[in-house]
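K.L.:
Taken in sequence, the protein lines are chains B and L. Using this note's numbering, the first residue of the first sequence is number 5, and each one after it goes up by one. Using this note's numbering, the first residue of the second sequence is number 5, and each one after it goes up by one. Where a beta carbon is used, it is the ideal one built from N, C-alpha and C, also for glycine. First, the structure itself, so that you have it in front of you.
Number of protein chains: 2
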Amino acid sequence: MDSNLVQFKKGVLELCVLALLARSDSYGYDIASRLSAAIDMGEGTIYPLMRRMQKDGLVSTYLVESSSGPPRKYYRLTEGGRKNLNDQKSAWTDFTRAVAAILDLDLEKTS
Amino acid sequence: MDSNLVQFKKGVLELCVLALLARSDSYGYDIASRLSAAIDMGEGTIYPLMRRMQKDGLVSTYLVESSSGPPRKYYRLTEGGRKNLNDQKSAWTDFTRAVAAILDLDLEKTS
DNA sequence: GCACGGAACCTGTCTATGCAAGGTAGCCAT
DNA sequence: ATGGCTACCTTGCATAGACAGGTTCCGTGC
């Protein structure tokens, strides 16, 4: 079926999270909600991801009290995270370009 | 590092193989060589993939003698394979578009 | 006060995929 | 007959997400 849609996301979720955080700090539930709308991501998926990214030094965290539930754990991009975003972004661009070249072999004419 | 490049490939390799076979029948080693050049795919990856695709009825096979090594196992797209190619291709297009929208939030203007 | 629902967090287990490394078999040239 | 090349195949491992469950905290209605 379209269960391979799941596979497409591998690695890209991290990139998307980095991109979101580059705009402004955010907390897990919010990130999950937004990405769940854009591409189809379950809420439970975000927390292991964020933990990994923190372990890898891409993000740092701080808590903010909330009047509607438990305190929110905000994530902020680190320097390394910002650099990583750029690297991954161009890697992704290159990759999709290469794939597009394979998919649309017909157009592959000009240099 | 760029080890996440590995993750980007998840699921997409199958799509690429389908696209190659849509042009003409081919055998494992040849497919692997070409995809290894385009995106960076290891040879050992192709055989489990082809087996899976055959099990899923996307390709059929036939042997052709070769004067330079063991007989080549050619793969041909089935009807289902061709349909699957179209489905996956549009799924991939949609997905990359969604990701691009997240990455380039700034440009996101005209519908 | 207490029960409920919802916000927000966390964890454990499963599956799919790709990779690296290894192993076989034929053919050709030295 | 040795080495090297094509071409095939297999196994064990690491990774990332999905899913289902569980927990804490708050506000509202009874």
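#1: Rounded to whole angstroms, what's the CA-CA distance from B/G32 to B/R55? Just pull it up for me.
#2: Within this structure, are the beta carbons of B/G15 and L/Q11 separated by less than 8 Å?
#3: Looking at chain B, is there any beta carbon in it that lies within less than 8 Å of the beta carbon of L/K113?
#4: What does B/K93 reach in chain L if we use C-beta pairs closer than 9 Å?
#5: So B/Q11 contacts chain L; which residues on that side make the cut at Cβ distance below 7 Å?
#6: State the Cα-Cα distance for the pair B/G61 and B/T82, rounded to the nearest angstrom.
#7: What residue ranges within the segment 30-69 of chain B form continuous beta strand (DSSP E) runs of no fewer than 3 residues, ordered along the chain?
#8: How close, in whole Å, do the beta carbons of B/L22 and B/G85 come, if the pair is a contact with beta carbons under 8 Å?
#9: Report the rounded CA-to-CA distance for L/I43 versus B/D108, giving the unit in angstroms.
#10: For B/A23, decide whether its Cβ has a neighbour in chain L, counting only Cβ atoms nearer than 8 Å.
#11: Below 8 Å CB to CB, which residues in the same chain sit around B/W96 once its five sequence neighbours on both sides are set aside?
#12: Would a check of beta-carbon distances place B/N8 closer than 8 Å to chain L?
#13: Helix, strand or coil: which one does DSSP assign to L/K77?
#14: Just by C-beta distance, which residues in the segment 30-61 of chain B are closer than 9 Å to chain L?
#15: Note the first and the last residue of the continuous alpha helix (DSSP H) segment covering B/T82.
#16: Report yes or no: is there a C-beta of chain L within less than 8 Å of the C-beta of B/T82?
#17: Which of the three DSSP states is assigned to L/L109 in this structure?
#18: What residues of chain B sit near L/R27, judged by a beta carbon separation below 8 Å?
#19: In chain order, what residues of the same chain lie with their CB nearer than 7 Å to the CB of B/L53, ignoring the 5 residues before and after it?
#20: If you draw a straight line from the C-alpha of B/L67 to the C-alpha of B/N90, how long is it?
#21: Quick check on the burial criterion: 16 or more other C-beta atoms within 10 angstroms. Buried or exposed for B/K87?
#22: Ordered along the chain, which non-local residues of its own chain (more than five positions away) have a Cβ less than 6 Å from that of L/T65?
#23: Taking buried to mean at least 16 other C-beta atoms within 10 Å of its own C-beta, is L/K13 buried or exposed?
P.N.:
Looking at the atomic coordinates:
#1: 10 Å
#2: yes
#3: Any reading at L/K113 must be qualified, since the residue scores a pLDDT of 48, below 50, and its modelled position is unreliable; no value is offered.
#4: L107
#5: K14, G15
#6: Going by the C-alpha atoms only, they are around 7 Å apart.
#7: 63-68
#8: 6 Å
#9: For L/I43 and B/D108, the distance between alpha carbons rounds to 15 Å.
#10: By this cut-off, B/A23 is an interface position.
#11: Answer for B/W96: V16, L19, listed in chain order.
#12: yes
#13: strand
#14: Within the segment 30-61 of chain B, R38, L39, A42, I43 place their CB atoms closer than 9 Å to a CB of chain L, listed in sequence order.
#15: Where B/T82 is concerned, there is no enclosing alpha helix (DSSP H), given that its DSSP letter is neither H nor E.
#16: no
#17: Looking at L/L109 - three-state DSSP - the assignment turns out to be coil, as it is neither helix nor strand.
#18: L109
#19: Spatial neighbours of B/L53 in its own chain (CB-CB distance under 7 Å, excluding positions within 5 residues in sequence) are listed in chain order as L17, E18, V21.
#20: Rounded to whole angstroms, B/L67 to B/N90 spans 27 Å at the Cα level.
#21: exposed
#22: K77, Y79
#23: buried
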